[in-house]
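Everything on this sheet refers to the single structure shown next.
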């Protein structure tokens, strides 16, 4: 069975174009995170997949079926909302039962009192109760079945929303920032539970978040979105180590990746503030050299920088510096025991492994890097 | 004595502070006593007397007024008519207000215009509006019967026939109340989170009726309860249209409780008896309020 495939999806609200030709393929059983800052269109994309919003252009297929014009109920998807969107007047058990009741009972059978008298209602109700209890049990809600959402904590409500999504065994799970209303410790715990639920159900999952740690820890692949476009879609390690776009490089990673203005001459030799940094790139003109904080190291010679301050994070130190010529802020991550390799003030030199250098052209696209001499591995 | 001072948990206010407190509450307290409590108590007291307006003295006659009430055919008709009037006006204007609110909410254009149009009767003067209705419902020159004649139906004499007078008054009552209910329902509808409708759609509630049953109706519960209570008390209080259009006639066919009370008190000057009718009216209103707070409230608040 296929997962979700999206082709050239476009959507605008009034004059604002929220989605600009988005294409995305999620395999059956795959977990894809849509990661981006708020307003980048990730929630709109999810709502288009669910059918809550209708796209202006493009097509959506779920489970091998064209669903573009269909209403949400015809798409066989389940969604977890940021606000949980539980029905406040129904108990936990009734909330979880809604998707089943809507499908296994017809309109007449759902009527209060009268519906119970119709043939088949009892058998359907029993099968619903059985499945609801199972889903509730899987999420540890067994003792809360007769409570109303108003009597539950945020974490418990979140579980009810998850149970309501898994109870029906849909073709796709859609999750819209489901953890953003939980406190930090609960978030880390629930993260792993959602991954476990996904594994057990084995259905295509699209998970919207603005939190890169959620995307990187949970997803099989991360799609980084910005300004209505998917910039890159790749496994988490690949997204982190091999960003294909400067915006991806700067969005992923905390603290932010260091970026230095650079220039490639006609021979492709890369220079930062006039200083050659030991590599040739495929291209000429203004470039950006990007370096992760953990890839910078103190050295006897290299990029000149001025010490600005030290932050102690427990497992590591963040050294704040400034490029001596450009004035650009730099951050360097260091193990606490290596503190003595840097003076507390004054000028220092920094080097980095050539293989870790990320270079982007003037349009922000990644360009290939070659060492100037075969033996050179560090600047 | 000193031990008592030590064990007291709240400090005693100084005399000056206590005085200031009393003075600050005095306007509200005096207004309440003079405008609400005193007239109510006076009415209750009057109901047990034979006081007539302008009479030099009054006598305590115990429950005689109430005994007479039970025998009074006019009051029985007024009570029956009032109940009938409420039974038509309350459901029609509550359901009508809800239906109009849903239609306006579903539409994309002219929301403010529709809201204003339907709310107009609420802000207009009932007596002036009654005069307009008198013209509209006039058997010979009224536009309604003219329209009926045009399609070959001989319209009845709406306000002068005992068969149609209560229905006509009830229709005016619905017209007066529906806009108020509409605005309350619109406010209730905007308070329902949009995400619940999205969730309902994803959960399989594909038809509008399913979403109404699953989301709109239950979440409008508190609004509906308020609307029902307010409409019923407003309908029980019907007076203006009766006083202007029919004076309870013909042959008491539109006699209602408040008009009977008014006639006894201000046409026949039997204030004692009129007060007894007022107490019956008060009991009905209190019963409605009690019904709201005790019986229904616990079923529609979810948190």
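Protein chains in written order, with our numbering: chain A, 86 to 464; chain B, 675 to 977.
Yeah, the Cβ is synthetic: ideal placement off N, Cα and C, and Gly gets one too.
Which residues in chain B have a C-beta closer than 7 Å to the C-beta of residue i? List them in chain order.
i: residue 408/A; result: Near residue 408/A there are no residues of chain B at all, since even the closest Cβ is about 47 Å away, more than 7 Å.
According to DSSP, what are the bridge partners of residue i?
i: residue 292/A; result: 118/A, 260/A
i: residue 812/B; result: For residue 812/B, which the question treats as bridged, DSSP gives no partner whatsoever.
i: residue 468/A; result: In the structure displayed, chain A extends from 86 to 464; residue 468/A sits before or after that span and is not available.
i: residue 371/A; result: 348/A
i: residue 364/A; result: 456/A
i: residue 921/B; result: Looking at the DSSP assignment, residue 921/B forms no beta bridge with any residue, so it has no partner.
i: residue 445/A; result: 373/A, 451/A
i: residue 412/A; result: In DSSP, residue 412/A forms no bridge with anything.
i: residue 243/A; result: None, per the DSSP bridge assignment.
i: residue 926/B; result: Paired residues: none, contrary to the question.
i: residue 405/A; result: 394/A, 416/A
i: residue 98/A; result: 101/A
i: residue 92/A; result: 144/A
i: residue 111/A; result: 89/A
Who are the neighbours of residue i on chain A, taking C-beta pairs under 8 Å?
i: residue 867/B; result: 168, 170
i: residue 872/B; result: 132, 135, 137, 157, 164, 166, 170
Measure how close the beta-carbons of residue i and residue j come, nearest whole angstrom, since I'm counting them as under 8 Å.
i: residue 225/A; j: residue 195/A; result: The Cβ separation is near 29 Å, so there is no contact.
i: residue 819/B; j: residue 908/B; result: Between residue 908/B and residue 819/B the Cβ distance is about 29 Å, and since that is not below 8 Å, they are no contact.
i: residue 331/A; j: residue 449/A; result: 4 Å
i: residue 870/B; j: residue 183/A; result: Rounded, the Cβ-Cβ distance is 11 Å, inconsistent with contact.
i: residue 118/A; j: residue 372/A; result: Rounded, the Cβ-Cβ distance is 30 Å, inconsistent with contact.
i: residue 420/A; j: residue 401/A; result: 6 Å
i: residue 189/A; j: residue 221/A; result: At roughly 17 Å, the Cβ-Cβ gap does not stay under 8 Å, so residue 189/A and residue 221/A are not in contact.
i: residue 899/B; j: residue 966/B; result: 6 Å
i: residue 301/A; j: residue 307/A; result: 7 Å
i: residue 173/A; j: residue 263/A; result: That pair is no contact at about 18 Å.
i: residue 91/A; j: residue 143/A; result: 7 Å
i: residue 844/B; j: residue 763/B; result: 5 Å
i: residue 42/A; j: residue 364/A; result: The requested residue 42/A does not occur in the structure, where chain A is confined to residues 86 to 464.
i: residue 912/B; j: residue 854/B; result: With 8 Å as the limit, residue 912/B and residue 854/B do not qualify as a contact, their Cβ atoms being about 14 Å apart.
i: residue 840/B; j: residue 928/B; result: 6 Å
i: residue 801/B; j: residue 934/B; result: That pair is no contact at about 19 Å.
i: residue 721/B; j: residue 949/B; result: 4 Å
Cβ closer than 9 Å: which chain B residues qualify as neighbours of residue i?
i: residue 283/A; result: Chain B residues near residue 283/A: none, gap ~18 Å exceeds 9 Å.
i: residue 163/A; result: 876, 877
Run through chain A and tell me which residues come within less than 9 Å of residue i, C-beta to C-beta.
i: residue 875/B; result: 135, 136, 137, 156, 157, 158
Please compile the residues from chain A whose C-beta is within a distance smaller than 7 Å of the C-beta of residue i.
i: residue 853/B; result: Ordered by position in chain A, no residue passes the 7 Å Cβ test against residue 853/B, which lies about 28 Å from the chain.
Quick check on residue i - is its C-beta less than 8 Å from some C-beta in chain D?
i: residue 345/A; result: The chain inventory of the structure shown lacks chain D, comprising the protein chains A and B.
Problem - the segment 182-198 of chain A: positions lying closer than 7 Å to chain B by Cβ - result: 183, 184, 187, 188
Exercise for the section: Compile a chain-ordered list of the residues in the segment 762-785 of chain B whose CB is closer than 7 Å to at least one CB of chain A. Expected result: none
Handout entry: Segments assigned alpha helix (DSSP H), at least 4 residues, entirely inside the segment 805-892 of chain B
Key = 817-824, 839-864, 868-876, 882-885
Exercise for the section: Quick one: which residues of the segment 879-897 of chain B get their C-beta closer than 9 Å to a C-beta of chain A? List them in chain order. Expected result: 879, 880, 881, 883, 884, 887, 888, 889, 892, 893, 895
Exercise for the section: Mind listing, in chain order, the continuous alpha helix (DSSP H) runs of no fewer than 4 residues lying wholly within the segment 126-154 of chain A? Expected result: 127-135
Handout entry: Unbroken stretches of the beta strand (DSSP E), 3 residues or longer, contained in the segment 269-345 of chain A
Key = 289-294, 306-311, 314-319
Exercise for the section: Give, in chain order, every unbroken run of the alpha helix (DSSP H) that is at least 4 residues long and sits entirely within the segment 689-766 of chain B. Expected result: Counting whole runs of 4 or more residues, the segment 689-766 of chain B contains the alpha helix (DSSP H) stretches 689-705, 712-720, 738-745.
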